[in-house]
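Q:
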Amino acid sequence: MIEPVFDLTFIWAFIIAFGIIMYVMMDGFVLGQGILFPFAPNEESRDVMMNSVAPVWDGNGTWLILGGAGLLAAFPRVYTIILPALYIGVFLMLAGLIFRGVAFEFRFKAKTSRYLWNWAFSGGSIVAAFAQGAVVGSYIQGFNVVDGVYVGGAFDWLTPFTVLTGLGMVAGYGLLGSTWLILKSKDALQAWAYKVTPWLLLTVLVVFGIIGLWTPYVDNYVYLRWFSGISFIWLLPVITLAFAWGILSSVKNRHDSKPFFATMGLFIFTYLGLIASKFPYVVPPSYTLWDAASAHESQLFLLLGLLFVIPFVLVYTAWTYWVFRGKVKAGEGYS
Amino acid sequence: MELDPLLLSRIQFAFVVSFHAIFPVFTIGLASYIAVLEGLSLKTGNPAWERLSRFWIQVFAVVFGMGVVSGIVMAFQFGTNWSNFSMASSNFLGPMLSYEVITAFFLEAAFLGVLLFGRDRVPPGVHFMSAVMVATGTFISAFWILSANSWMQTPAGVEIRDGLYHVLSWSEAIFNASLLYRFMHMLLASFLTGGFVVLGVSAWFLLRNIDTDVHKKALSMSLWLVLIIAPAQVLVGDFHGLNTLEHQPTKVAAMEGNWERGTGVPLLLFAIPDQENQTNHFEIGIPKLASLILTHDMEGEIPGLKDVPKHEQPPVAIVFWSFRIMVGLGLLMVLFAIAGLVLRYKGRYATSRPFLQGLRFMSLSPFIAVVAGWFVTEIGRSPWLVYEQMTHAQGVTPSLTGAMALFTLIGYIVVYSIIFAAGLYYLMRVLYTGAPSTSTIVGERQERRAKRPLSAAEASWEIEEGKS
Ligand code: HDD
Ligand code: HEM
Ligand code: HEM
Chain A
530 MIEPVFDLTF
540 IWAFIIAFGI
550 IMYVMMDGFV
560 LGQGILFPFA
570 PNEESRDVMM
580 NSVAPVWDGN
590 GTWLILGGAG
600 LLAAFPRVYT
610 IILPALYIGV
620 FLMLAGLIFR
630 GVAFEFRFKA
640 KTSRYLWNWA
650 FSGGSIVAAF
660 AQGAVVGSYI
670 QGFNVVDGVY
680 VGGAFDWLTP
690 FTVLTGLGMV
700 AGYGLLGSTW
710 LILKSKDALQ
720 AWAYKVTPWL
730 LLTVLVVFGI
740 IGLWTPYVDN
750 YVYLRWFSGI
760 SFIWLLPVIT
770 LAFAWGILSS
780 VKNRHDSKPF
790 FATMGLFIFT
800 YLGLIASKFP
810 YVVPPSYTLW
820 DAASAHESQL
830 FLLLGLLFVI
840 PFVLVYTAWT
850 YWVFRGKVKA
860 GEGYS
Chain B
41 MELDPLLLSR
51 IQFAFVVSFH
61 AIFPVFTIGL
71 ASYIAVLEGL
81 SLKTGNPAWE
91 RLSRFWIQVF
101 AVVFGMGVVS
111 GIVMAFQFGT
121 NWSNFSMASS
131 NFLGPMLSYE
141 VITAFFLEAA
151 FLGVLLFGRD
161 RVPPGVHFMS
171 AVMVATGTFI
181 SAFWILSANS
191 WMQTPAGVEI
201 RDGLYHVLSW
211 SEAIFNASLL
221 YRFMHMLLAS
231 FLTGGFVVLG
241 VSAWFLLRNI
251 DTDVHKKALS
261 MSLWLVLIIA
271 PAQVLVGDFH
281 GLNTLEHQPT
291 KVAAMEGNWE
301 RGTGVPLLLF
311 AIPDQENQTN
321 HFEIGIPKLA
331 SLILTHDMEG
341 EIPGLKDVPK
351 HEQPPVAIVF
361 WSFRIMVGLG
371 LLMVLFAIAG
381 LVLRYKGRYA
391 TSRPFLQGLR
401 FMSLSPFIAV
411 VAGWFVTEIG
421 RSPWLVYEQM
431 THAQGVTPSL
441 TGAMALFTLI
451 GYIVVYSIIF
461 AAGLYYLMRV
471 LYTGAPSTST
481 IVGERQERRA
491 KRPLSAAEAS
501 WEIEEGKS
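So the protein sequences, as listed, match chains A and B.
For the first sequence, the numbering used here assigns the number 530 to the initial residue and increments by one for each residue that follows.
For the second sequence, the numbering used here assigns the number 41 to the initial residue and increments by one for each residue that follows.
(1) Please list, in chain order, the chain B residues whose beta carbon lies closer than 9 Å to that of A:Leu595.
(2) Is the CB of B:Ile62 under 7 Å away from at least one CB in chain A?
(3) Over what stretch of residues does the alpha helix (DSSP H) that includes A:Arg643 continue unbroken?
(4) Taking just the CA atoms, how far does A:Arg636 sit from B:Ala217?
(5) Kindly list, in the order they appear in chain A, the residues whose Cβ is closer than 9 Å to that of B:Trp96.
(6) Which word fits B:His321, buried or exposed, when buried means at least 16 other C-beta atoms lie within 10 angstroms of its C-beta?
(7) Are A:Pro613 and A:Ser823 closer than 7 Å when you measure CB to CB?
(8) Using a Cβ cut-off of 7 Å (strictly closer), state whether B:Arg393 contacts chain A.
(9) Please find out if some non-hydrogen atom of ligand 4 comes closer than 6 Å to the beta-carbon of B:Val382.
(10) Hey, could you find the ends of the alpha helix (DSSP H) B:Asn31 is sitting in?
(11) Grouping DSSP H, G and I as helix and E and B as strand, with all else coil, what is B:Ile250?
(12) Taking a cut of 8 Å between CB atoms, which residues from the segment 430–449 of chain B lie near chain A?
(13) Here's a check: name, in chain order, each residue in its chain whose Cβ is nearer than 6 Å to the Cβ of B:Gly380, leaving out the five neighbours to either side.
(14) Report buried or exposed for B:Tyr465, applying the criterion of at least 16 other Cβ atoms within 10 angstroms of its Cβ.
(15) Based on DSSP bridge pairs, tell me the residues matched to A:Tyr810.
(16) What are the boundary residues of the alpha helix (DSSP H) that A:Pro567 is part of?
(17) Considering only residues of the same chain and omitting the five flanking positions on each side of A:Val923, which have a CB-CB separation below 7 Å?
(18) Based on the DSSP output, what are the partners of B:Val274 in its beta bridges?
(19) Scan the segment 146–175 of chain B for residues whose Cβ lies nearer than 7 Å to a Cβ of chain A and list them as they occur along the chain.
(20) At 7 Å on the CB atoms, spell out the chain A contacts of B:Ala75, in chain order.
(21) Along chain B, which residues have their Cβ under 7 Å away from the Cβ of A:Pro689?
(22) Per DSSP, what kind of secondary structure is B:Glu341 in: helix, strand or coil?
(23) Output, in chain order, the set of chain A residues within a Cβ distance shorter than 7 Å of B:Gly451.
(24) Mapping the DSSP letters down to three states, classify B:Leu309 as helix, strand or coil.
(25) Taking the alpha helix (DSSP H) that B:Leu381 falls in, what are its first and last residues?
(26) In three-state DSSP terms, what is B:Asp347?
(27) Just grab the DSSP bridge partners of A:Tyr679 for me.
(28) Is the shortest distance between the beta-carbon of A:Val692 and the beta-carbons of chain B less than 7 Å?
(29) Taking 7 Å as the threshold (beta carbon to beta carbon), is B:Thr178 in contact with chain A?
(30) Under 7 Å between beta-carbons, which chain A residues line up against B:Thr67? List them in chain order, please.
(31) List the endpoints of the continuous beta strand (DSSP E) containing B:His336.
(32) Can you say whether A:Val534 is buried or exposed, counting buried as having 16 or more other CB atoms within 10 angstroms of its CB?
(33) My output table needs one value for A:Gly855: the three-state DSSP class, helix, strand or coil.
(34) Residues in its own chain within less than 6 Å of A:Gly775 by CB, not counting five upstream and five downstream?
(35) B:Ile326 to B:Leu369, Cα distance in whole Å?
(36) Given this structure, state the Cα-to-Cα distance separating B:Ala497 from A:Val838, to the nearest angstrom.
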């Protein structure tokens with residue numbers, strides 16, 4: 530079926546893509562705290578790390594739920610194929626998110642068992658981040674689908690390639706976490722964050738580089754997209770590298786906020802590169818956006834509400850960040 | 041034995057949703073209570089309200105956290121275990137769940153941060169507004185999810201084309217026949233939960249003679265609340281039952297344990313339903329009462345389970361007994377509310393030890409009633425997933441194997457047991473420590489105003505520790 534380019538499906542693809550990258554960046558720096566947790570200089574630093582995200586983590590995680598619900602609403606084929614395909618992986622991710630989420634509450638209240646919640650927080654974050662990276666990897670690999678139903682096995686999602694993308698995600702979130710810390714902390718902890726950031730960046734670049742080189746061989750479609758002639762698509766990795774350089778130089782100049790925003794840029798352009806590689810396939814190799822879309826009236830019904838509500842969501846979310854602006858101190862708990 | 045992915049998925053779904061549900065019913069009620077306390081504190085300036093509010097916010101934070109993490113699981117259950125059902129109903133359920141996220145979850149999450157951590161970063165009025173926003177978010181959330189659930193009970197406004205539901209009328213689908221009753225019943229259940237927990241905890245403090253002035257205030261408030269809400273719940277429950285009689289007669293037959301359609305049906309107080317032989321054993325009942333309650337006529341006709349073939353009957357015993365547990369607890373709540381009124385007139389509601397002891401135990405009752413109520417609703421609907429249109433067996437994920445389902449079922453049980461035990465432990469600690477004292481509050485305010493340098497942080501961490 531031929532569709533005009535600016536139909537609802539297209540708008541919805543944009544919205545879902547926006548929701549996913551919002552999730553990745555917002556929860557990314559929260560999960561990043563958990564990933565860096567075991568390496569933090571001391572217990573007081575861990576208090577600061579946790580306090581720096583405690584007021585906002587719930588809202589950040591909500592983008593994930595929007596991603597899930599939004600997929601069900603706008604692209605049900607994606608929701609109902611990818612979730613069964615990743616059944617075990619999704620469970621691991623959820624279990625990770627559960628432990629990391631309750632650790633926020635329990636660690637504050639724990640005395641002798643605090644080290645257990647340190648482990649829950651960091652173990653949960655690492656497992657969740659890895660599982661999310663594996664999701665990206667299996668998306669690149671594609672899914673075994675017949676007649677709109679997933680027919681593959683329980684562990685198709687776990688291959689050397691997806692293990693690598695999982696590790697890439699862990700490193701990437703670690704980078705978001707460390708640059709967030711540069712923004713929100715002071716003194717010794719900030720100095721530590723400055724120190725680890727270049728190493729994390731290096732790891733990310735190496736892993737992303739290998740993934741980038743490997744991907745065209747995992748998937749012929751991607752190969753053709755990139756190598757069947759020079760196109761604008763090559764701008765994306767170039768911009769990504771420019772952001773990497775931005776991170777490095779701003780860390781060197783001991784800039785407070787630039788490293789974090791440059792890392793966001795790095796993520797956005799890597800993500801755009803991924804989208805550009807696969808477009809318009811959403812359940813590779815079988816379904817495009819339009820095959821996977823829900824009924825027109827459902828997309829419209831939700832879109833109307835969304836366009837009305839999302840500006841409010843963005844405004845009051847921004848407002849909470851404004852309320853909690855500035856450097857974080859260790860002793861701030863409930864009041 | 042062959043592992044059945046369908047059965048395991050049903051057990052898993054029942055487990056994770058029951059687990060999730062006990063937290064929201066509490067937080068919906070408690071959020072409103074905190075908003076009221078914050079409002080009173082703002083209006084009167086009496087520090088007692090702020091102390092109560094601070095105390096209950098600590099409880100709220102733990103419970104809300106558990107509600108959120110178990111809720112995230114729910115958002116993916118439909119896709120992982122019920123993908124055929126999700127696909128078929130996506131045109132309706134997708135927008136419902138998405139509206140819940142954008143209108144409720146973001147609202148709750150954003151203002152929760154300010155409610156928990158922002159007391160001295162925003163003016164008191166804004167802090168109060170945050171409490172109101174969180175409470176509002178919980179109502180909105182309940183509305184959407186109950187609409188989705190009610191639509192599965194009493195589907196409307198849709199037509200099936202090529203195996204997929206297509207929405208013809210959004211208003212008919214959203215405001216389907218059972219939504220109003222279910223929403224009212226659930227809201228009252230939430231207020232009862234909040235009310236009875238506050239009662240139980242206040243009673244516990246009074247019994248231990250801690251902070252009696254503050255907790256007596258809370259006790260008195262909540263007794264007035266349940267005096268109105270508990271009888272109202274019985275009334276709304278009755279209407280809910282009448283609505284079910286109209287739309288899902290087989291479920292009502294299971295609730296009543298009634299096999300043969302007939303007139304002048306007795307209300308069974310006790311029976312052991314025997315699905316195999318399609319009859320009851322050891323029946324004890326009050327003649328004609330079921331007919332009277334359900335049709336408001338002693339000779340009214342009540343549907344029977346045998347109206348439908350055996351394989352379309354729900355598991356009767358669970359439905360029958362869950363219903364009795366819920367109604368029994370509901371009546372007990374009314375009794376306690378009235379006892380509170382009587383004791384108030386005698387001036388003894390805050391001192392009568394048997395009454396306070398009883399209230400302590402009653403704080404568990406709403407949770408049991410809520411889960412029992414949902415068992416009636418959901419198990420009474422089986423074998424239908426969408427009533428009379430789609431069965432559980434048609435909705436389950438085709439690629440799911442028994443081993444996969446068993447793995448995650450055990451996984452969820454293990455994970456939830458750990459966090460539930462820990463949550464309970466920390467809650468008990470919060471409850472045991474009690475409300476922060478007025479002097480701590482004043483001291484903290486001055487300390488914060490002094491804008492401590494980071495070096496003071498260690499000391500202040502110790503204060504935090506001692507307090508929690
Ligand atoms: C504090 C909790 C609580 C209490 C005291 C009661 N209920 Fe309830 N009941 C619920 C909490 C609840 C619930 C968990 O919220 C349910 C499950 C689904 C729903 O709509 O509400 C429910 C379902 C439910 C249903 C099933 C409706 C259906 O699925 O079609 C009926 C008929 C009643 N209730 C009737 C009553 C009556 C007559 C009560 C009188 C004492 C009563 N409930 C007390
Ligand atoms: C809040 C408390 C709830 C509880 C305790 C609860 C409990 C249950 C139980 C015990 C079953 C199993 C029925 C059976 O296998 O015969 C079930 C099924 C189901 N419920 Fe609920 N439910 C709740 C709310 C909801 C809501 C709000 C929704 C929808 C939005 C929902 C959707 C479903 C679905 C899709 C099933 C079918 C899958 C299955 O049978 O396992 N439930 N629920
Ligand atoms: C009677 C049934 C239900 C009610 C009344 C209810 C209500 C709520 C409420 C008030 C919250 C806010 C957190 C809290 O207070 O614990 C919440 C959280 C959540 N619920 Fe439920 N819910 C129900 C069932 C479900 C079901 C079946 C789903 C799955 C689709 C679901 C998905 C979620 C999610 C994803 C969250 C987390 C939101 C966040 O991060 O803030 N809920 N629920």
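Glycine residues also receive a C-beta, built at the ideal position from the N, C-alpha and C atoms.
A: On the basis of the coordinates in this document:
(1) As a first step, residue 595 of chain A must be located in the first sequence, where it is residue number 66. Under the 9 Å cutoff, chain B gives Ser138, Val141, Ile142, Phe145, Phe146.
(2) Locating residue 62 of chain B in the second sequence gives position 22, where the first residue counts as 1. For B:Ile62, the answer is no, since every Cβ of chain A falls outside 7 Å of its Cβ.
(3) Counting from one through the first sequence, the residue named residue 643 of chain A turns up at place 114. It spans 643–670 - the alpha helix (DSSP H) in which A:Arg643 sits, taken as one unbroken run.
(4) Counting from 1 along the second sequence, the entry for residue 217 of chain B is found at position 177. Counting from 1 along the first sequence, the entry for residue 636 of chain A is found at position 107. If I take the Cα positions, the gap works out to 45 Å.
(5) Position 56 of the second sequence holds residue 96 of chain B. Within 9 Å Cβ-Cβ: nothing; B:Trp96 doesn't reach chain A, min ~11 Å.
(6) Position 281 of the second sequence, counted from the start, is the residue given in the question as residue 321 of chain B. B:His321 should be labelled exposed.
(7) By 1-based counting over the first sequence, the position of residue 613 of chain A is 84. By 1-based counting over the first sequence, the position of residue 823 of chain A is 294. Cβ atoms of A:Pro613 and A:Ser823: not closer than 7 Å.
(8) Taking the first residue of the second sequence as position 1, residue 393 of chain B is located at position 353. So no, B:Arg393 is outside the interface.
(9) This structure simply doesn't include ligand 4; it includes ligand 1, ligand 2 and ligand 3 instead.
(10) Outside the shown range of chain B (41 to 508) lies residue 31 of chain B, about which nothing can therefore be said.
(11) Residue 250 of chain B sits at position 210 when you count from the first residue of the second sequence. Three-state result, B:Ile250: coil.
(12) Thr437, Pro438, Ser439, Leu440, Thr441, Ala443, Met444, Phe447, Thr448
(13) The residue you call residue 380 of chain B lines up with position 340 of the second sequence. These residues qualify, in order along the chain: Leu263, Tyr389.
(14) As a first step, residue 465 of chain B is located in the second sequence; it is residue number 425 there, counting from the start. By the neighbour-count rule (16 or more Cβ atoms within 10 Å), B:Tyr465 is not buried but exposed.
(15) Translated into positions along the first sequence, residue 810 of chain A becomes position 281. Answer by DSSP bridge pairing, in chain order: A:Thr817.
(16) On the first sequence, residue 567 of chain A is found 38 positions in, with the first residue counted as 1. Taken as a continuous stretch (DSSP letters only), A:Pro567 belongs to no alpha helix (DSSP H), as it is neither H nor E.
(17) Since the displayed chain A opens at 530 and closes at 864, residue 923 of chain A lies outside it and no answer follows.
(18) Along the second sequence, read from residue 1 onward, the residue named residue 274 of chain B stands at position 234. Answer is none; B:Val274 lacks a bridge partner.
(19) Phe146, Ala149, Ala150, Leu152, Gly153, Val154, Leu156, Phe157, Gly158, Arg159, Asp160, Arg161, Val162
(20) Along the second sequence, one-based indexing puts residue 75 of chain B at 35. Those do not exist, as B:Ala75 stays about 17 Å from chain A at its closest Cβ, beyond 7 Å.
(21) To locate residue 689 of chain A, count along the first sequence from 1; it is residue 160. Chain B residues near A:Pro689: none, gap ~22 Å exceeds 7 Å.
(22) Locating residue 341 of chain B in the second sequence gives position 301, counting from the first residue. Note: B:Glu341 maps to strand in three-state DSSP.
(23) Residue 451 of chain B sits at position 411 when you count from the first residue of the second sequence. Ordered by position in chain A, the residues that pass the 7 Å Cβ test against B:Gly451 are Phe620, Ala624.
(24) Taking the second sequence and counting its residues from 1, one reaches residue 309 of chain B at position 269. Three-state DSSP puts B:Leu309 in a strand.
(25) Along the second sequence, one-based indexing puts residue 381 of chain B at 341. Per DSSP, B:Leu381 belongs to the alpha helix (DSSP H) from 356–385.
(26) Translated into the one-based positions of the second sequence, residue 347 of chain B becomes position 307. Reduced to three states, the DSSP call for B:Asp347 is helix.
(27) Residue mapping note: residue 679 of chain A aligns to position 150 of the first sequence, counting from 1. Per DSSP, A:Val674.
(28) Position 163 of the first sequence holds residue 692 of chain A. Closer than 7 Å: no.
(29) Indexing the second sequence from 1 puts residue 178 of chain B at position 138. Closer than 7 Å: no.
(30) The residue labelled residue 67 of chain B in the question sits at position 27 within the second sequence. Those within 7 Å of B:Thr67 in chain A number zero; the least Cβ separation is about 12 Å.
(31) Taking the first residue of the second sequence as position 1, residue 336 of chain B is located at position 296. Looking at the DSSP string, B:His336 is not in any beta strand (DSSP E), and its letter there is neither H nor E.
(32) For the purposes of this step, residue 534 of chain A is taken as the residue at position 5 of the first sequence. Low confidence applies here, because A:Val534 scores a pLDDT of 43, under 50, leaving its location unreliable and the question unanswered by this model.
(33) Counting from 1 along the first sequence, the entry for residue 855 of chain A is found at position 326. Coil, per DSSP.
(34) By 1-based counting over the first sequence, the position of residue 775 of chain A is 246. Answer for A:Gly775: Ala791, listed in chain order.
(35) The residue given as residue 326 of chain B occupies position 286 in the second sequence. The residue given as residue 369 of chain B occupies position 329 in the second sequence. About 19 Å.
(36) Locating residue 497 of chain B in the second sequence gives position 457, where the first residue counts as 1. Locating residue 838 of chain A in the first sequence gives position 309, where the first residue counts as 1. Note on B:Ala497: pLDDT 28, under 50, position unreliable in the model; the coordinate value appears next. Cα to Cα, B:Ala497 sits roughly 40 Å from A:Val838.
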